[in-house]
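Shown next, in structure tokens, is the structure this report addresses.
In the working numbering, the protein residues as written are 6 to 157.
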């Protein structure tokens with residue numbers, strides 16, 4: 006009886022720790038997946054799938070301070086697999102009203118803002134999945150690789 010309570014307490018502690026670590030960066034993970042995949046619904050699925058993979062491997066994580074980087078790597082790999090599967094690679098989300106207002110406030114008319122954004126979307130969509138991931142990591146998640154090392 007004591008052994009089962011100990012196992013249950015350990016599982017509860019593990020679940021609590023995992024939940025706290027995951028929730029700490031959840032918004033950023035959703036934004037990154039959305040930037041890579043170009044689809045918020047698919048991004049939610051990708052984050053969910055990555056959370057399942059992370060939960061299964063959580064016991065093997067030696068340094069919990071590195072959880073965000075570890076989970077981010079799992080997420081990016083999952084997104085890359087999704088891009089390869091569908092062979093469609095939109096990375097940039099459609100222009101929202103806030104983006105239009107920002108472009109207009111900078112002196113650019115809405116038509117020019119749409120044209121510029123459309124050109125950018127087409128250029129990123131032409132990239133292979135690995136390059137699309139790098140663009141999303143650099144320009145959406147603001148990741149910078151250490152000198153001489155790849156981002157993804």
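Ideal Cβ placement from N, Cα and C applies to all residues, glycine included. Only a predicted model underlies this, so the values are computations on that prediction, with no experimental measurement involved.
Worksheet entry | Exposure of residue 141, with buried meaning 16 or more beta-carbon neighbours within 10 Å | Answer is buried; the Cβ neighbour count reaches 16.
Note to self: Do residue 63 and residue 19 count as a contact pair if the criterion is CB distance below 8 Å?
What the structure shows: yes
* To do: Reducing DSSP to helix, strand and coil, say where residue 131 ends up.
  => Coil at residue 131, not helix or strand.
Identify every run of the alpha helix (DSSP H) within the segment 34-67, keeping only runs that are complete inside it and at least 4 residues long; order them along the chain.
-> 45-62
Residue 73, enclosing alpha helix (DSSP H) - first and last residue
72-91 is the span of the alpha helix (DSSP H), which, as asked, contains residue 73.
Return the residue from the list 82, 70 and 31 that minimises the CA-CA distance to residue 139.
The residue from 82, 70 and 31 with its alpha-carbon nearest to that of residue 139 is 82.
| field | Under the three-state DSSP convention, the category residue 114 falls into | value | coil
query = What's the call for residue 26, buried or exposed, on a 16-neighbour Cβ count within 10 Å?
reply = buried
Item to complete: Drop a sphere of 10 angstroms on the beta-carbon of residue 42, count the other beta-carbons inside from all chains shown, and report buried for 16 or more, exposed for fewer.
Response: So residue 42 ends up on the buried side.
*Can you give the Cα-Cα distance for residue 1 and residue 71, rounded to whole angstroms?*
What is shown of the chain runs 6 to 157, which leaves residue 1 out entirely.
Beta-carbon contacts of residue 77 that lie in its chain and below 6 Å, excluding the five residues immediately before and after:
Cβ neighbours of residue 77 within its own chain (closer than 6 Å, five residues either side excluded): none.
Run through DSSP, which three-state label would residue 137 get? helix
- Message: Less than 7 Å between C-beta atoms, sequence neighbours within five positions excluded: which residues of the same chain meet that for residue 134?
- Response: Listed in chain order, the non-local C-beta contacts of residue 134 below 7 Å within the same chain comprise 85, 88, 89 and 94, local neighbours out to five positions each way being set aside.
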